[in-house]
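Worksheet for the structure shown next.
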Amino acid sequence: MTEQEINQVITRQRKYFRTGATLPVNRRINALRRLYAAVSGHEKEIHAALKADLGKSNFESYMCETGMVLEEIRYMIKHIPRFAADRRVRTPLAQFHSKSFVKPSPYGVVLIMSPWNYPFMLTLSPLVDALAAGNTAVVKPSAYSPHTSAVIADILAQCFPSRYVAVVTGGRAENTCLLKEHFDYMFFTGSQAVGKEVMRSAADHLTPVTLELGGKSPCIVDRTADVKLAARRIVFGKYLNCGQTCVAPDYIYCHRAVKDRLIKEIKKQIRRQYGKEPLDNPNYGKIINEKHFDRLLGLLDESKIVCGGKADRESLRIEPVVLDQVSFSDAVMQEEIFGPILPVLVFDRLDEVIRNVNAMPHPLALYIFTSDNRAAERVLSRCGFGGGCVNDTIIHLATTEMGFGGFGESGMGAYHGKTGFDTFTHYKSIVDKKTWIDLPMRYQPYRWVWERAVRAFLR
Numbered sequence: 001m002t003e004q005e006i007n008q009v010i011t012r013q014r015k016y017f018r019t020g021a022t023l024p025v026n027r028r029i030n031a032l033r034r035l036y037a038a039v040s041g042h043e044k045e046i047h048a049a050l051k052a053d054l055g056k057s058n059f060e061s062y063m064c065e066t067g068m069v070l071e072e073i074r075y076m077i078k079h080i081p082r083f084a085a086d087r088r089v090r091t092p093l094a095q096f097h098s099k100s101f102v103k104p105s106p107y108g109v110v111l112i113m114s115p116w117n118y119p120f121m122l123t124l125s126p127l128v129d130a131l132a133a134g135n136t137a138v139v140k141p142s143a144y145s146p147h148t149s150a151v152i153a154d155i156l157a158q159c160f161p162s163r164y165v166a167v168v169t170g171g172r173a174e175n176t177c178l179l180k181e182h183f184d185y186m187f188f189t190g191s192q193a194v195g196k197e198v199m200r201s202a203a204d205h206l207t208p209v210t211l212e213l214g215g216k217s218p219c220i221v222d223r224t225a226d227v228k229l230a231a232r233r234i235v236f237g238k239y240l241n242c243g244q245t246c247v248a249p250d251y252i253y254c255h256r257a258v259k260d261r262l263i264k265e266i267k268k269q270i271r272r273q274y275g276k277e278p279l280d281n282p283n284y285g286k287i288i289n290e291k292h293f294d295r296l297l298g299l300l301d302e303s304k305i306v307c308g309g310k311a312d313r314e315s316l317r318i319e320p321v322v323l324d325q326v327s328f329s330d331a332v333m334q335e336e337i338f339g340p341i342l343p344v345l346v347f348d349r350l351d352e353v354i355r356n357v358n359a360m361p362h363p364l365a366l367y368i369f370t371s372d373n374r375a376a377e378r379v380l381s382r383c384g385f386g387g388g389c390v391n392d393t394i395i396h397l398a399t400t401e402m403g404f405g406g407f408g409e410s411g412m413g414a415y416h417g418k419t420g421f422d423t424f425t426h427y428k429s430i431v432d433k434k435t436w437i438d439l440p441m442r443y444q445p446y447r448w449v450w451e452r453a454v455r456a457f458l459r
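Read left to right, the sequence shown gives residues 1 to 459 (full-length UniProt numbering).
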């Protein structure tokens, strides 16, 4: 789209929103039902697109993308009537006689910019929350996942007129045009660098934003951990989608006493889950493009590879890699990996872990494997991070009952379930004052008797 066409889309959406057409709860529910039917009906096309863009299997595509979107829609359809209802609150005696309530209200026209790594789920899930809250939406999927972006555009065009939901495809030029526009809310998932640009653009119009970014998410394994189970769950979380997951364990921070045993078990689990030759496994995905493929190969130190490392440029696939003898000064520890490379670092004391994790930018996730509840509590309480798990990885984001998001360098704001509805909602605080009585104490001229009454009311 050109800059003028994008401006026209936003103008039409703002005009449509101001008619009040998106406000009735039954219309929101019907909109989500249409979307549910369309996603269910196009499951094969969605999964084929994800296979083309990222090499995902049908099972992984449903588990991590289509199924999660459908669950978000079901949850919202069930709960919108309660979420959207006015909520009575207590009225202070000083405001007698009044009724006080909180009124959930949509922001208006929202922008949703999504990444390429989970291109369907990370586009549709925030859209579901935005529509449930009563907004219109302009959706901008990633240019790096063109097949999925095309399917998204087809599905949303079938479900909604562009004055309600519009899709803008393309790359940097379209992103630049969108960021110049005045939206009522902006929701971005992606890199920290682009997140900063989004925030700078939002500042021009004082537009509220949610930023879902990333970071180097640590996976702490202490000496009391169930090492076999830890290895199994770490391998799942790390190499899912070839490591291209914003909450994947970025590195293992392991107690020195169990490090060798853990690496041995991780090697076993890689072979068990991905086979002797992972590059021949049809259910093992690929790196999104050659640029990221080369970046990942540049992070490998051949002298520290203890597992994997084979790569196929033609298919853009890299075997699951484990690196040993890694320090915080190594190149692989200077950026978010976002690929199938797992460095292993060691510690001797938990205080050392807490100090070093807190010395780095706040990660989006943190994982700790331990049988010591006190150790888990110390880490969870004293380390700064977005969310995480005890004795597992990544599953904390797969629930509608908790918000998902980061803070600081890993983002701001959260979504999923009720938290997602709240993200796209402004809560108006209203006092409905009755007219049959009007206490004189607040009006001038002030009198000592009224001051005494005010002091009594405001104790």
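We treat Cβ as the ideally placed atom computed from N, Cα and C, and that holds for glycine.
Close Cβ partners of residue i (< 7 Å) along its chain, the five nearest in sequence each way excluded
i	result
Y107	N135, D184, Y185, F424, H426
E181	I6, N7, I10
R382	I354
Q269	A231, R232, V235
I305	V321, L323
Residue i Cβ short of 7 Å to the ligand ZN heavy atom set
i	result
F83	In terms of ligand content, the structure shown is empty, and the ligand ZN therefore cannot be addressed.
Residues that DSSP places opposite residue i in a beta bridge
i	result
V138	L111, A166
K1	This sequence places Met at residue 1; Lys is not what is there. M1 pairs with nothing; no bridge assigned.
K103	K428
T210	F187
C219	I252, Y367
R317	D312
P343	L323
F404	Y415
C307	V322
C389	Y367
K433	S98
For residue j and residue i, the rounded distance between their alpha carbons
i	j	result
H147	A52	7 Å
Y284	R317	9 Å
L23	Y118	30 Å
V89	R82	15 Å
E401	F59	24 Å
D372	L279	38 Å
A94	W436	16 Å
T123	E290	23 Å
T66	S145	16 Å
K310	E319	5 Å
W448	P92	22 Å
R14	R172	24 Å
F120	R271	29 Å
R261	R295	30 Å
F293	R313	8 Å
F17	Y164	8 Å
V191	S217	One detail in the question is off: residue 191 reads as Ser in this sequence, not Val. Going from the Cα of S191 to the Cα of S217 covers about 14 Å.
K264	P282	25 Å
V221	L366	11 Å
Q325	I77	50 Å
E3	C177	6 Å
K56	L50	6 Å
I80	R27	11 Å
Y274	K267	11 Å
M333	S327	8 Å
Cβ shell of residue i (< 6 Å), same chain only, five flanking positions each side left out
i	result
F96	none
residue 476	This structure cannot speak to residue 476, because the chain is shown only from 1 to 459.
T419	G403
A376	I368, T370, V390
K238	A248, P249, L342
A84	V25, P104
T207	F183, M186
K99	D432
Residues of its chain near residue i, where Cβ-Cβ distance is below 8 Å and the 5 sequence neighbours each way are ignored
i	result
H362	G215, G384, F385, G386, G406, F407, G408, E409, S410
V110	A130, N135, T136, A137, V138, F183, D184, Y185, M186, F187, F424
L439	F96
Y75	T400, G417
I152	P119, F120, T123, L124, V139, P141, V167
I287	C242, Q244, F293, L296, L316, R317, I318, G339
A453	M441
Ordered list of alpha helix (DSSP H) runs contained in the stretch 248 to 274, each at least 4 residues: 259 to 274
Inter-stretch contact at 8 Å, needing at least 3 Cβ pairs: the stretch 429 to 448 / the stretch 214 to 232: no
4 or more residues per run - each alpha helix (DSSP H) lying fully within the stretch 57 to 94: 58 to 61, 67 to 83
Inter-stretch contact (C-beta, 8 Å, three-pair minimum) for the stretch 27 to 42 and the stretch 153 to 165: yes
Sufficient close CB pairs (3 or more, under 8 Å) joining the stretch 336 to 355 to the stretch 196 to 208: no
Continuous alpha helix (DSSP H) assignments of at least 4 residues falling wholly in the stretch 18 to 47: 25 to 41
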